[in-house]
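In this note's numbering, the protein residues as written are 569 to 810.
Note that CB positions come from ideal geometry on N, CA and C, so glycine has one too.
Quick notes on the structure that follows.
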Amino acid sequence: MPLKAFTELIRGQTQDDYRPNKAMTPSVLRRLCAGYEHLDELLDIANHGARVHLTSPLPLQPTFPRNHPSAAQRLPVLRANIRKEQDLFHKGAGDPLTSGRVIHDLSFPDNDSVISHTDQDEVPTAAFDHCYSVAKEILRLRRSKPGRKVKLMSGDVASAYRNVCTLSECVYMFARHIPAFGWTGSSGTYGVLGGAVAFAHGSTTNATHPVGFYNYRWVDDHINVTTPDQTVLTSTAPSDGP
């Protein structure tokens with residue numbers, strides 16, 4: 569059985585319902601994210617999966633290409649990477665031989681890799697506001713509500729990215745069900761999801777926020793700024809999806 573057909577079988581994809589992830593409902597996304605600039609890309613991910621557009625077909629590889637040196641030099645990290653099934657790890661002052669990340673072989677071999685053949689013009693553009701937006705919102709609240717404390721709350725919605733499945737005909741490029749974070753198009757693709765979370769949250773209103781909540785995002789990190797009203801703080805709690 570071809571890999572594409574096997575992938576669709578495992579996911580339960582049929583002609584009547586081709587969604588690779590049944591938890592993503594296009595009708596709900598269309599309603600919650602009406603007006604979102606990347607709504608079409610979001611719905612395409614929900615209906616079909618994340619696409620990899622190539623400038624030219626990948627060359628056939630009669631033998632295994634050589635790995636990036638980090639795969640051999642940092643084998644414990646590679647093993648942890650495989651066990652984790654995701655490519656996100658805490659980074660800090662740890663031993664680089666046992667902590668951190670390895671380089672994905674999506675950039676190897678040179679000029680014949682997934683990255684080098686990816687059509688950059690087809691990757692959604694990831695755009696983020698400057699972080700001074702947070703400071704501006706703090707100052708605005710202090711001016712509009714003098715004497716009130718201003719509180720910040722940060723959240724991480726990386727788990728929302730696990731809802732993104734790769735288009736079945738493209739899974740052979742990643743050997744996994746979601747696009748690898750080492751792929752050159754991952755920031756734009758996952759940015760569509762992160763932007764949808766921010767858009768849906770920022771469009772939510774209540775009595776004290778009739779025009780929506782302030783929501784700053786940078787990749788998968790979201791920051792809320794508001795006054796310490798318990799109802800408001802509860803309402804602004806970030807979620808993992810729209």
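- Task: Leaving aside the five residues before and after R721 along the sequence, list all residues of the same chain whose C-beta is less than 6 Å from its C-beta, in chain order.
- Result: The amino acid at residue 721 is misidentified as Arg; the sequence shows Met. Same-chain partners within the cutoff: N792.
- Message: Using C-beta distances below 6 Å, list every residue in its chain close to Y758, excluding the 5 sequence neighbours before and after it, in chain order.
- Response: Y729
- Query: Just to confirm, are E737 and K572 a CB contact at a threshold of 7 Å?
  - Reply: yes
- Task: State the DSSP-derived secondary structure class of A602, mapped to helix, strand or coil.
- Result: coil
- Item | Helix, strand or coil at A728 according to DSSP, with G and I counted as helix | helix
- Task: In angstroms with no decimal places, state the Cα-to-Cα distance between C699 and A648.
- Result: 33 Å
- Query: Based on the DSSP secondary-structure assignment, which residues constitute the bridge partners of G723?
  - Reply: H790
- Give me whichever residues DSSP pairs with L622 in a beta bridge. T686
- What does DSSP give as the partner residues of Y784 in its beta bridges? I791
- Please classify T772: does DSSP put it in a helix, a strand, or coil? coil
- Residue range of the alpha helix (DSSP H) that includes R710: 700-712
- Item | Selected residue, minimal CA-CA separation from P796, among L628, L761, K719 | K719
- Task: Could you tell me which residues DSSP pairs with T734 in its beta bridges?
- Result: A618
- Which residues in the same chain as A820 place their Cβ atom closer than 7 Å to its Cβ, once the five residues preceding and following it in sequence are excluded? One cannot answer for residue 820 here, as it falls past the ends of the chain, which runs 569 to 810.
- Message: Please state the DSSP three-state secondary structure of P594.
- Response: helix
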